Amino acid sequence: MDRGSNRVLALYRKLETQYGPQYGNKVWPRKQRRAGITPASPCWWPAETQYEIVVGALLTQNTSWNNVEKAIANLKAAGKLSPEAILKTRNTKLETLIRPSGFYRQKAERLKLLTKAYSRVLREKRIPTREELLAVKGVGKETADSILLYAYGLPHFVIDAYTRRFCSHHRLFLSKEYDDYKRFFERSLPRDAGLYGEYHALIVRWGKKAKMNL
DNA sequence: GGCCAGGACACCA
DNA sequence: TGGTGTCATGGC
């Protein structure tokens, strides 16, 4: 932990008091992760399986969650929300199903690439590294960290537009670099995936509320 | 009808 | 390294 962590923690407690728990800290227990079991979770990131979180992380790029939900519902209804089904589906079909999430041509292609990487590490019974995820075309830093945190329960703080806005608004930190923000939060907080997830969820909640009040 | 959303990438200087 | 264009839908 670093200097300034008191302020970061104080803001967390303030958000928690204001908005209550977002269940962003519902990460898969280690035992279940090892066994490949991913139980239904009342997480702020609604998903029934680990793979659904991975799919959501990609589809939500520059897209409202509302539209992502429509795309995921389409995939579910078509029985395509599994790595095997996605890999067997033609790109044109995939494009039709995920169309509501926008950028559907590139997302269909990238969803397949990500699914291939996901299946590979699953077969090898291990967790992907950040570098491995970043090597997949279409997976940037935010998407990689979202997957590591929310799908695998690893302590990677997610930096998104809301997080940057939050930092600027509270004069916490200012930079242009994603990794600077990530380091700032990770040095200011105890290394705890549950806390990271909950904090990020609260920041998003704050961001949406702040926008409504503009 | 315009703006924005839980980004990433290619291309250029 | 930094700036800009592109990808696209749906809600407000």
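Residues in the first sequence are numbered from 1454 upward in steps of one, following our numbering. Quick reminder that beta carbons are idealized off the backbone N, C-alpha and C, glycines included. All figures in this text were calculated on a predicted structure; none of them were measured in a lab.
#1: Would you check if the segment 1502 to 1521 and the segment 1545 to 1559 touch, i.e. whether three or more CB-CB distances between them fall below 8 angstroms?
#2: If we call anything under 8 angstroms between Cβ atoms a contact, is L1655 one with E1469?
#3: Start and end of the alpha helix (DSSP H) containing G1509?
#4: So, L1550 versus N1515, is the Cβ gap smaller than 8 angstroms?
#5: Cα separation between D1645 and P1608?
#6: Looking at the structure shown, is A1588 part of a helix, part of a strand, or coil, going by DSSP?
#7: What three-state label does DSSP hand A1531 in the structure shown?
#8: Nearest-angstrom Cα distance between G1473 and F1626?
#9: Thinking V1461 and S1641 are a contact (beta carbons under 8 angstroms), I'd like their distance in whole angstroms, please.
#10: By a C-beta neighbour count over all protein chains shown, 10 Å radius and 16 as the cutoff for buried, is Q1475 buried or exposed?
#11: So, are the CB atoms of G1650 and Y1615 less than 8 angstroms apart?
#12: Under 8 angstroms Cβ to Cβ from R1583, same chain only, skipping five residues before and after it: list those, please.
#13: To the nearest angstrom, how far is it from the Cα of R1563 to the Cα of V1589?
#14: In terms of residue numbering, what span does the alpha helix (DSSP H) encompassing P1536 cover?
#15: Alpha carbons only, please: which of P1499, T1513, A1561 is nearest the one belonging to K1541?
#16: Are there 16 or more other CB atoms within 10 angstroms of the CB of K1578, so buried, or fewer, so exposed?
#17: How would you call T1545, buried or exposed, if buried means at least 16 neighbouring beta carbons within 10 angstroms?
#18: From E1548 to V1508, what distance separates their C-alpha atoms?
#19: How far does the alpha helix (DSSP H) with T1568 in it extend, from its first residue to its last?
#20: Helix or strand or just coil, what does DSSP make of T1596?
#21: For L1566 versus G1606, is the C-beta spacing smaller than 8 angstroms?
By the coordinates alone:
#1: Touching, yes, given that three or more Cβ pairs across the two stretches are closer than 8 angstroms.
#2: E1469 sits close to L1655, with the two beta carbons spaced by under 8 angstroms.
#3: Looking at the DSSP string, the run of the alpha helix (DSSP H) that includes G1509 is 1503 to 1512.
#4: The answer is no: Cβ separation not under 8 angstroms.
#5: A direct Cα-to-Cα measurement between D1645 and P1608 gives close to 6 angstroms.
#6: A1588: coil per DSSP, three-state reduction.
#7: A1531: coil per DSSP, three-state reduction.
#8: It is roughly 24 angstroms from the alpha-carbon of G1473 to the alpha-carbon of F1626.
#9: 4 angstroms between Cβ atoms; contact.
#10: That one is buried.
#11: Contact check for G1650 against Y1615 fails: the beta carbons are separated by 8 angstroms or more.
#12: Answer for R1583: A1597, D1598, L1601, H1609, listed in chain order.
#13: In this structure, the alpha-carbon of R1563 lies about 8 angstroms from that of V1589.
#14: Start and end: 1536 to 1541.
#15: With distances taken between Cα atoms, K1541 lies closest to A1561.
#16: With fewer than 16 Cβ atoms within 10 Å of its Cβ, K1578 is classed as exposed.
#17: Exposed is the call here.
#18: The straight-line gap from Cα to Cα measures roughly 14 angstroms.
#19: From DSSP, the alpha helix (DSSP H) with T1568 extends over 1557 to 1576.
#20: Here T1596 sits in helix by DSSP.
#21: No, Cβ-Cβ distance for L1566 and G1606 is not below 8 angstroms.
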